[in-house]
Structures are given as structure tokens and as C-alpha cells.
Amino acid sequence: MIAKLKGLIDSVGDGWTVIDVGGVGYLVFASGRTLGRLGAGDVAEVLVETHVREDHIHLYGFIDATERDWFQLLTTVQGVGAKVALALLSVLSPDDLLQAIAAADKAAITQAPGVGPKLATRILSELKDKVGDFALAGGPGGMQAADFGIGQGGVGGPIRDAASALVNLGYQRSQALGAVSRAAARLGDDAGIEALIRAGLGELASGESLGEGLSAKTGSA
548 MIAKLKGLID SVGDGWTVID VGGVGYLVFA SGRTLGRLGA GDVAEVLVET HVREDHIHLY
608 GFIDATERDW FQLLTTVQGV GAKVALALLS VLSPDDLLQA IAAADKAAIT QAPGVGPKLA
668 TRILSELKDK VGDFALAGGP GGMQAADFGI GQGGVGGPIR DAASALVNLG YQRSQALGAV
728 SRAAARLGDD AGIEALIRAG LGELASGESL GEGLSAKTGS A
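Under this note's numbering, think of the first position of the sequence shown as 548, with each following residue one higher.
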């Protein structure tokens, strides 16, 4: 099985690239995120997932191990094949996927071509307890999956709704989720949405979150 290819990028198309390795051209399907890092004439290395079927062998390439791992995870969901998994990884980065699953954000998942509301619901349902291994290493604020309550039933309604309110105020989704989750940990399970919003704003206005929150504002006067 092919696990990695390193060679000359011969050509790049819509959803695919051809990698020349020692004079042999390998057709590799990839996400827009990976293809955006590859240019014809460049020498590049991609990680590869090999799918062997009765009538074909397909190679799927990834710019890093995180994207490959998400591809493998996504394809465990019933109804999510390689094409849909790559579509998801083309519109959502691994960090964005983690945040969308944490927040049960169906609208974010349905951005991908081929993903309707029903499939989005299944993806969120099946993956919410599986993504604890996907820490946001070096991600926004150094947050990890545990910061969102993932692996423990996902993010509850009040946390999700309070985070959405902060997003509507102009904060980035990752910071809103992190702030509200920290607030919920302090306030306890009985905290209501309004209390979580107030406490979340307090989190964003204190310490390191102050600088991050202000820079995350979009369209602010």
C-alpha cells in the first residue's frame, strides 16, 4: 500500500493532482486545502491513503497528518465516502471541523457540496464522541478538544447558544466556544444562557483573552 509520495508536481486540476515519482505519474485526489499548497513544477511530499476496490485503486493525498486523520475519521460515518470527506476538508479546516462538531453547527457542515441536513446531522451525531483525540495543537488560544467538552457528549444547548450570541457580537467562533466553555466550567451545569453570555464576555475581557478577543472583532468601529 502506498502511504507517502514525494516527487514533482506534474499538474493540478479540480480535485486532483498528478505527482511524478521517478518518471511514473500518480493521480492523487485531494482537498482544496492540500491542492492550494501544491504548484506545477514544485517538488512536494504528500501523505497518501490508498483505497483498493474491485474495479479501481484510488489514491487520496494530504498535506499533513491531521488532515489525513480527519479524512479517515469522516469516512467512518455512514454515507460519507472519500468524495464527501474531501469536500468537507475543502471548505472546513481541521480546526473548523472540530469547532463545528463541538458546537453541533449543522450550517457549517452543510457548506460542503453533497452534504445535506440529514447527513450533517448524522456526522455531528456520530463524531461528537470520537473527536477527543483531535487536540487543536497550536490552534486558537492553544485550546484542545476538552475545552469544548468534546468526548463527553459534545457541547450542550446553552453553551452552544451562548457561544453563538458571542459570534453574533463579532468574536471568532473558536474564542467564543472557549470562553463560554470555561465560564460553564465555573458556573456549573445549571447556568442559563444569559449567565453564560455575561461570564463568557468576562472571560474574553480578561487576561490573554482581551487581546485575542479585540483582534478577533470583525467589522467593529
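Don't be surprised by glycine CBs; every beta carbon is placed ideally from N, CA and C.
None of these values were measured; they are calculated from a predicted model.
Query raised in the report: Leaving out the 5 sequence neighbours to the left and right, which residues in its chain are closer than 8 Å to P705 when beta-carbon positions are compared?
Result: Closer than 8 Å at Cβ, skipping near neighbours: A731, A738, G739, I740 and L743.
Query raised in the report: For H605, which residues of its own chain have a beta-carbon under 6 Å away from its beta-carbon, when the five flanking residues on both sides are left out?
Result: Same-chain partners within the cutoff: H598.
Query raised in the report: So who's on the other strand from T653, going by DSSP bridges?
Result: Strictly speaking, residue 653 in this sequence is Lys, with Thr absent from that position. Answer is none; K653 lacks a bridge partner.
Requested in this report: Assess, as a yes-or-no matter, whether the segment 617-624 is touched by the segment 564-575 under the definition of 3 or more beta carbon pairs within less than 8 Å.
Outcome: These segments do not touch.
Report task. Round the Cβ separation of L594 and V575 to the nearest angstrom and send it over; I've been treating them as touching at under 8 Å. Result -> The C-beta distance from L594 to V575 rounds to 10 Å, too long to meet the 8 Å contact threshold.
Query raised in the report: From which residue to which residue does the alpha helix (DSSP H) around G749 run?
Result: Counting along the chain, the alpha helix (DSSP H) containing G749 begins and ends at I740 to L751.
Query - Cutoff 6 Å; reference S578; Cβ partners in own chain excluding five residues on either side - result: Here S578 has L633, L636 and S637 as same chain residues with Cβ atoms under 6 Å from its own Cβ, once five neighbours each way along the sequence are excluded.
Query raised in the report: Going straight from the alpha carbon of A629 to that of E614, what length do you get?
Result: In a straight line, the C-alpha of A629 is about 13 Å away from that of E614.
Query raised in the report: Residue ranges of each beta strand (DSSP E) run of no fewer than 3 residues wholly in the segment 554-616, ordered along the chain?
Result: Complete beta strand (DSSP E) runs here, min 3: 563-568, 571-577, 590-599 and 604-609.
Report task. Following the continuous alpha helix (DSSP H) through L633, name the residue where it begins and the one where it ends. Result -> It spans A629 to V638 - the alpha helix (DSSP H) in which L633 sits, taken as one unbroken run.
Query - Other residues of its chain near L585: CB distance less than 6 Å, five sequence neighbours each side excluded - result: So the list reads I556, V559, T564 and A591, once near-sequence residues are dropped.
Query - Span of the alpha helix (DSSP H), counted from its first residue to its last, around L716 - result: In the DSSP assignment, L716 falls outside any alpha helix (DSSP H), carrying neither H nor E.
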